[in-house]
Amino acid sequence: MTRQRRLSISNRKLNDVIALARRSQPVTRLTSMGSEVPLGGSSANRTETRGAAPRDDALLHHIEAFDQRIQQDLLALAWFGREEAAAAEWEDFALDAKRAWTRATAAYLAAMPALGDYLEQATAILGMPRSDA
């Protein structure tokens, strides 16, 4: 069994990001062409970014407050969960995220429509506990 790199982000912080991402995740419907279209709702706290989904400013500021290592962890977990990869592939995702990190990573993560789902999927695959308790 391969030993996995210890994450810089605590379970509590990760759970906070998941909850905040879920609250800010736009409700969408699929069009006949297979693309997602937002369904109504308030956009008072959302910022439009060209080529990306609307993002919640609270989520963006929350992620921006984390240091580079924690943002890299979030990026790796999001990609890992999105791909529903095998646990054995975790180190590859972690290395890719470390190399890919930029100052725009927080905005990229905050604009990810299913960020909460991806993070939760990653924690399930990796067998991570849901809280620090």
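Residue numbers (full-length UniProt numbering): 1 to 133.
No residue lacks a Cβ here, since even glycine has one placed at the ideal position from N, Cα and C.
Check, Outcome
"Can you look up Q68 in the DSSP assignment and give me helix, strand or coil?", "helix"
"How many whole angstroms separate the CB atoms of I9 and L109, which I take to be in contact at a CB cut-off of 8 Å?", "Actually they do not touch by this definition, with Cβ atoms about 12 Å apart."
"Please return the same chain residues whose Cβ sits closer than 8 Å to the Cβ of A114, not counting the five positions on each side in sequence.", "Q25, R82"
"Tell me the rounded alpha-carbon separation between R6 and A107.", "24 Å"
"Ordered along the chain, which non-local residues of its own chain (more than five positions away) have a Cβ less than 7 Å from that of A97?", "Q72, L75, A76, W79"
"Expressed to the nearest angstrom, what Euclidean distance is found between the alpha-carbon atoms of E64 and W90?", "24 Å"
"Work out the CA separation of L60 and I125 for me, nearest whole Å.", "25 Å"
"Considering only their Cβ atoms, is the gap separating H62 from L14 smaller than 9 Å?", "no"
"Pull up the distance between the alpha-carbon of E84 and that of V17, whole angstroms please.", "19 Å"
"For L92 and D57, what's the separation of their Cα atoms in angstroms?", "Note that residue 92 corresponds to Asp in the displayed sequence, not to Leu. Distance between the alpha carbons of D92 and D57 is about 30 Å."
"Would R22 and D117 qualify as a contact pair, given that the criterion is a beta-carbon distance under 9 Å?", "yes"
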